[in-house]
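*Asks:*
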Amino acid sequence: MARPHIEPYVELNDPYRAFKVRGFRGCQYKTLSLDVDTGACTLKIRFPGGYRRSPGLSYSDCEIFVLNGTIEAGDALWREGHYCFVPAGVALPAIHVPQGAEALLMFNDAEPNFEESGDSHDRALREAFTSLNGYEDLPWFGLGRVQPSVATGCLSKLLRQDPLTHATTFLYCMVPQFAQDNISYHDCAEESYHIWGTSWMMQFGELPTGGYFWRPPYINHGAFRCRFGTIALGRTDSKLHNYFHYNPWSNPWENLQRAAGQGYRQRPLLYQWEMTDGHNHPHGPADFEEPGYADAASVARLHR
Amino acid sequence: MARPHIEPFVELNEPFLKFDVGGFKGSHYKVLSLDTDTGACSLKVRFDGGYKRKPGLHYSDLEVFVLNGEIKVGDQVWREGHYAMVPAGYALGAISVPKGAEALLYFNDSEPHFEESGDSHELTLKEAFKSLNSYEDMPWGPGNLVTPSVATGCLIKVLHYDPLTEALSFLYCMTPEFAQDNISYHDSAEESYHIWGTSWMMQFGELPTGGYFWRPAYINHGAFRCKLGTIAFGRTDSKLHNYFHYNPWTNPKQNLLRAAAQVYRQRPLLYQWQASDGHNHPHGPPDFQYPGYYEKNPNIRALHGHFGGESDERDSRDAPMKLPKKKAKAKK
Amino acid sequence: MAKARAKAKAKRVQDLKPPRAADAAAWFKENIALQKKRYAAIVKEQNGLERDRQKWYANFLRIIQTKGFNANGDLRVKIPANLIPKKPKGRSRVVF
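Which chain is which? The protein sequence lines are A, B and C, in order.
Going by my numbering, the letters in the first sequence line up with residues 1 to 304, in that order.
Going by my numbering, the letters in the second sequence line up with residues 1001 to 1332, in that order.
Going by my numbering, the letters in the third sequence line up with residues 2001 to 2096, in that order.
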């Protein structure tokens, strides 16, 4: 498996390390999870006061979420709650951090890398660039974004969704006295960082402020409790579907088979086609709306 | 005004006082707010370990919200998050608190008192008794129960709803990073106790854990912020309607007139009837569905400043809020 | 006699409450006085917040022109500058 199951990991207990990679010298980092095949990773990064970087790009899709402090990126000010999706090859302007800042930094395709450049790469998907303040620019969404749904009291703000894979980056929160009595698993990997607050899952116990997980697909998690409220940044690497059940002892293989069993019952023709014909399409079945989708980075990284 | 505007009051900074009233000896209290006409009050009460009381009743509706500890009431155990609505005259079972507990106690009709009795009063509305754990027995619901609505991120559990006055008792919470950029006021008094968390209002600043307010009708509050989340127990004394606006400097009289202007514009026949005919109905217009509601319901009388019963025979008192007198016609 | 009449007229338990016992009456009197003090302390404390409050109001009036005013739920409406209220003369009051 590309990234191991890291759950729970409370980063606050671990020291920062010096970041000796071009473009990040002077910063400190902690690795929250790392894809040992590609180098894709999720980092917590501390920019020291006075940090500067010339304009430049990365050959990986990159996401950043500002935890505290202010980052000047060209004319823009990224403050607490700011989120950016920077597609591979899109050049960011010069960066300056006058008084220090902490952020989550996610490289989706490769290890941390940086190349000085005033211009974006000509193959960069510029239109996918996203920059907004997750705290201020969006309202909470209270209803189930996904069906079957979490219980009322788990709210979210959608920061970005990949149109091909439905990989999603979102802020979510649990209200005080949140409770959900089921066991959940998904077809996707799921990742979370607790910006503030403690929540509890029946398998893993309490996850406090600074708590993190990278959870591969089909792994049981829940029931859920949150006593005082929690706010967290979450991501999935593909479509999130909630498979709810109540058997604490099922394993990922059984969970995947159960998911397939749902496909068999609920989408019979699709299931039959997949079982009989699918193996002749190593790059995925034809999609008249998205020809050539298998080459997209977000898809390729799931099927490599 | 029956209860003054108490906002904000952070009870954690204040000491408990010894509760020397029959039925409560062996407990301590803090008054959160007190109706100086009727004695109706909101209290935080600490029952010391070993507190015991025999079965008995009150001549007032009573609401209880358990903050911590365990309270044995007859066969039931009331734990953290437990809510009870005990109608006047309803005999509660024997109470014992083996290890101490804290609770919010709301006497809605008169000052704290107690009468030993194994049986409920014959006139008690037994069916109105309610007892549940608000943390465990109910899901959260969206705050748009009332429209115009609060922003998403303020959620609610309705624990008690009075069908006549639409007075509410409810648990509510705000999510981390909750924000609502408007100023609100209501036709009702509003009350809240912060069980946990800090929230901010543009008029009053931050209200932390243990923070409380009793806010009479038509008083501006908001904009609103909550950084890390809050859970609170709230009540209104009548229907909650959100009047939203953006003028920080209006006063309650202006706000009331604006509410009346909305009735004038939106319910013209009702307004005309009230303006022309209403004063001939000191005990409220007739309601074919609830005949005699004024006589039957002390809450309604209290809302209109009329205190029946033998403790107070006043039946006409100044309106809770004096409206601006009509200006004399300007001299030409 | 008066009591019997009251009982015959009564529709609810509240109307039959016996007169206040001495302990309850003493409690009531004491707490009316304490609340009066508390109210005065709150008014004083809130008057002390006035400088911060004026900043909060100014920030609010800025937000409703840029990000918008929460008219209903999450629906935000940007308020044009000519509709922004002006601070009236004199001290503003928040506790009534």
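C-beta: ideal position from N, C-alpha, C; glycine also.
Every value quoted in this text rests on a predicted model; they were computed, and no experiment measured them.
Less than 9 Å between the C-beta atoms of L1067(B) and A1091(B), yes or no?
*Replies:* No, these two residues do not count as a Cβ contact at 9 Å.
*Asks:* Can you look up Q147(A) in the DSSP assignment and give me helix, strand or coil?
*Replies:* DSSP places Q147(A) in coil when its eight states are reduced to three.
*Asks:* Quickly, what does DSSP pair S2092(C) with across the bridge? List them, please.
*Replies:* According to DSSP, which records beta bridges pairwise, S2092(C) is partnered with nothing at all.
*Asks:* Return yes when the Cβ of P1139(B) is within less than 9 Å of the Cβ of G153(A), no when it is not.
*Replies:* Yes, these two residues count as a Cβ contact at 9 Å.
*Asks:* With 16 other CB atoms within 10 Å as the buried threshold, where does R119(A) fall?
*Replies:* As written in the sequence, residue 119(A) is Asp, which differs from the Arg given in the question. Exposed: under 16 other Cβ atoms inside 10 Å.
*Asks:* Would you verify that the beta carbon of K2067(C) is, or is not, closer than 9 Å to some beta carbon of chain A?
*Replies:* Answer yes: the Cβ-Cβ gap between K2067(C) and chain A drops below 9 Å somewhere.
*Asks:* Could you have a look at E1011(B) and say whether DSSP puts it in helix, strand or coil?
*Replies:* Of the three classes helix, strand and coil, the one that applies to E1011(B) here is helix, per DSSP.
*Asks:* Using a beta-carbon distance below 9 Å, is T1147(B) in contact with chain A?
*Replies:* It does not; no Cβ of chain A falls within 9 Å.
*Asks:* In this structure, how does DSSP classify T2066(C) when only helix, strand and coil are distinguished?
*Replies:* Correct three-state label for T2066(C): helix.
*Asks:* Are the CB atoms of F1065(B) and Y1083(B) within a distance shorter than 9 Å?
*Replies:* Going by C-beta atoms, Y1083(B) is nearer than 9 Å to F1065(B).
*Asks:* Which word fits L1034(B), buried or exposed, when buried means at least 16 other C-beta atoms lie within 10 angstroms of its C-beta?
*Replies:* That one is buried.
*Asks:* Could one say the Cβ of C1173(B) lies closer than 9 Å to chain A's Cβ atoms, at least one of them?
*Replies:* Chain A contact via Cβ: present.
*Asks:* If you draw a straight line from the C-alpha of S1311(B) to the C-alpha of L1017(B), how long is it?
*Replies:* Reliability of the predicted coordinates at S1311(B) is poor, the pLDDT of 37 falling under 50, and the value obtained from them is presented with this limitation in mind. When rounded, the distance between both Cα atoms is 26 Å.
*Asks:* Is it true that the CB of C41(A) sits closer than 9 Å to the CB of P112(A)?
*Replies:* It is a contact, given that the beta carbons lie within the stated cut-off.
*Asks:* Please classify A1302(B) as buried or exposed, where buried requires at least 16 neighbouring CB atoms within 10 angstroms.
*Replies:* Label assigned to A1302(B): buried.
*Asks:* Which chain A residues are close to W1140(B), counting only those with a beta carbon under 7 Å from its beta carbon?
*Replies:* By Cβ distance, chain A contributes T152, G153, V175.
*Asks:* What does a CB cutoff of less than 6 Å around D1037(B) pick up in its chain, not counting 5 residues either side in sequence?
*Replies:* Cβ neighbours of D1037(B) beyond the five flanking positions: A1002.
*Asks:* If you check the beta carbons only, do L155(A) and G134(A) fall under 9 Å apart?
*Replies:* Not closer than 9 Å, so no.
*Asks:* Who are the near neighbours of I2079(C) in its chain, counting only those whose CB is closer than 6 Å to its CB and skipping five residues on each side?
*Replies:* Excluding residues within five positions, the ones whose Cβ falls inside 6 Å are I2064, Q2065, F2069.
*Asks:* In the structure shown, what three-state DSSP assignment does H303(A) receive?
*Replies:* The answer is helix: DSSP assigns H303(A) an H, G or I state.
*Asks:* Residues of chain A with CB closer than 9 Å to the CB of L1228(B), please, in chain order.
*Replies:* Residues of chain A passing the Cβ test: W196, G197, F228, G229, I231.
*Asks:* Can you grab the Cα-Cα spacing for the pair N244(A) / N220(A), in whole Å?
*Replies:* Residue 244(A) is actually Phe in this sequence, not Asn. Each residue's Cα considered, the two are about 9 Å apart.
*Asks:* Hey, would you say T76(A) sits closer than 9 Å to P93(A), going by beta carbons?
*Replies:* For the sequence presented, residue 76(A) should be read as Ala rather than Thr. A contact, by the Cβ cut-off of 9 Å.
*Asks:* When the distance is taken between beta carbons, is E1177(B) closer than 9 Å to G1153(B)?
*Replies:* Yes; because the gap between Cβ atoms is below 9 Å, this pair is in contact.
*Asks:* Give the single residue among R304(A), A297(A), Y16(A) whose Cα lies nearest to the Cα of L164(A).
*Replies:* Checking every option, the nearest Cα to that of L164(A) belongs to A297(A).
*Asks:* Does the stretch 1110 to 1124 of chain B come close enough to the stretch 2012 to 2023 of chain C that 3 or more CB-CB pairs lie under 8 Å?
*Replies:* Touching, per the Cβ criterion.
*Asks:* Once the 5 residues before and after V1146(B) are set aside, which same chain residues still bring their CB inside 8 Å of it?
*Replies:* Cβ neighbours of V1146(B) beyond the five flanking positions: L1240, H1241, N1242.
*Asks:* Between I64(A) and F129(A), what straight-line distance do the alpha-carbon atoms span, to the nearest angstrom?
*Replies:* Roughly 12 Å separates the two Cα atoms.
*Asks:* Quick check on the DSSP output: the alpha helix (DSSP H) that includes T276(A) runs from which residue to which?
*Replies:* Start and end: 268 to 276.
*Asks:* Can you list, in chain order, the residues of its chain with a C-beta nearer than 6 Å to that of L159(A)? Leave out the 5 residues immediately preceding and following it.
*Replies:* Here the set comprises Y83, G134, T169, F170.
*Asks:* If you pair each beta-carbon of the stretch 232 to 247 of chain A with each one of the stretch 178 to 192 of chain A, do three or more pairs fall below 8 Å?
*Replies:* Yes: the two stretches touch, three or more of their Cβ pairs being nearer than 8 Å.
*Asks:* Pull up the distance between the alpha-carbon of Y212(A) and that of G1305(B), whole angstroms please.
*Replies:* Going by the C-alpha atoms only, they are around 57 Å apart.
*Asks:* Which chain A residues are close to G1197(B), counting only those with a beta carbon under 9 Å from its beta carbon?
*Replies:* Under the 9 Å cutoff, chain A gives P176, F228, G229.
*Asks:* Would you verify that the beta carbon of D2074(C) is, or is not, closer than 9 Å to some beta carbon of chain A?
*Replies:* Closer than 9 Å: yes.
*Asks:* What's the C-alpha gap between Y1264(B) and N1247(B)?
*Replies:* Each residue's alpha carbon lies about 21 Å from the other.
*Asks:* Can you confirm whether Q1289(B), when its beta carbon is compared against all beta carbons of chain C, has any partner nearer than 9 Å?
*Replies:* Cβ-Cβ to chain C under 9 Å: no for Q1289(B).
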